[in-house]
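S.K.: Here our numbering is used: the first residue of the sequence shown is 2, the next is one more, and so on. Cβ coordinates follow ideal geometry from the N, Cα and C atoms, glycine included.
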Amino acid sequence: MARGGKDSKTLDFLADSLEKVFNGEYSQAQQEFFVKSAKKEIEKINKIGVENHDSPKWDEIGTTIFTSYERAGEITDSVDEDQLAMLFATILINEYPDLIDAEDINRMKSNLAVVKNNDDPLEKIQGMQKLIALTEEYN
């Protein structure tokens, strides 16, 4: 495995975070959120490979893992899927605009506006469904 590069620190942090999430005071919803996020980061790790010890991608992966770990602690069982999608979209737009396709950012903003400002319940539901689909691509 790694010999002290960025990859080693990131992998150690991921392992520690997983251990804390499953051995701590985290609810099932919090665990599921973190695992879902961690799976996406593990896929990225597999793409760059552990042989590439000092790739700048390791910093991005580490930051995302940290953010997911922090967000997992904030999730309560009372948060529904719609609220979570709105939260994710807002975080993606504000915190990770460089990692998200510009068209998807515009779609997220548009759907957030529909969900927040539209009086038609059917349009709100459609906007929310589109928002959920978009945010699931970037967990």
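Can you tell me whether DSSP reads Ile66 as helix, strand or coil?
M.R.: In the sequence shown, residue 66 corresponds to position 65, counting from 1. If DSSP states are grouped into helix, strand and coil, Ile66 belongs with the helices.
S.K.: Using only CA atoms, which one of Thr65, Asn112, Lys58 and Glu71 lies nearest to Tyr27?
M.R.: Counting from 1 along the sequence shown, the entry for residue 27 is found at position 26. Nearest C-alpha to Tyr27: Glu71.
S.K.: Among Gln29, Glu61, Gly25 and Val22, which one has its Cα closest to the Cα of Lys41?
M.R.: Locating residue 41 in the sequence shown gives position 40, where the first residue counts as 1. Among Gln29, Glu61, Gly25 and Val22, the Cα nearest to that of Lys41 is on Glu61.
S.K.: Below 8 Å CB to CB, which residues in the same chain sit around Ile76 once its five sequence neighbours on both sides are set aside?
M.R.: In the sequence shown, counting from the first residue as 1, residue 76 sits at position 75. Ser28, Ala30, Gln31, Phe34 and Leu85, listed in sequence order.
S.K.: Under three-state DSSP, which class holds Glu42?
M.R.: In the sequence shown, residue 42 corresponds to position 41, counting from 1. In the three-state reduction of the DSSP assignment, Glu42 falls in the helix class.
S.K.: Take the Cβ of Arg4 as the centre, count every other Cβ of all protein chains shown within 10 Å, and call the residue buried at 16 or more, exposed below.
M.R.: Here residue 4 refers to the residue found at position 3 when the sequence shown is read from its first residue. Bear in mind that the predicted position of Arg4 carries a pLDDT of just 46, short of 50, making it too unreliable to give a figure here.
S.K.: Thinking just about the alpha-carbon of each residue, which of Lys37, Asp120 and Glu138 is nearest to the one in Val22?
M.R.: Counting from 1 along the sequence shown, the entry for residue 22 is found at position 21. When each option's Cα is compared against that of Val22, the closest is Lys37.
S.K.: Using only the alpha-carbon positions, how far apart do Ser56 and Pro122 sit?
M.R.: For the purposes of this step, residue 56 is identified with residue 55 of the sequence shown, where counting begins at 1. For the purposes of this step, residue 122 is identified with residue 121 of the sequence shown, where counting begins at 1. C-alpha separation (whole angstroms): 47 Å.
S.K.: Leaving out five residues before and five after Asn119 in sequence, what residues of the same chain have Cβ atoms less than 8 Å from its Cβ?
M.R.: In the sequence shown, the residue the question calls residue 119 occupies position 118. Same-chain partners within the cutoff: Lys125 and Gly128.
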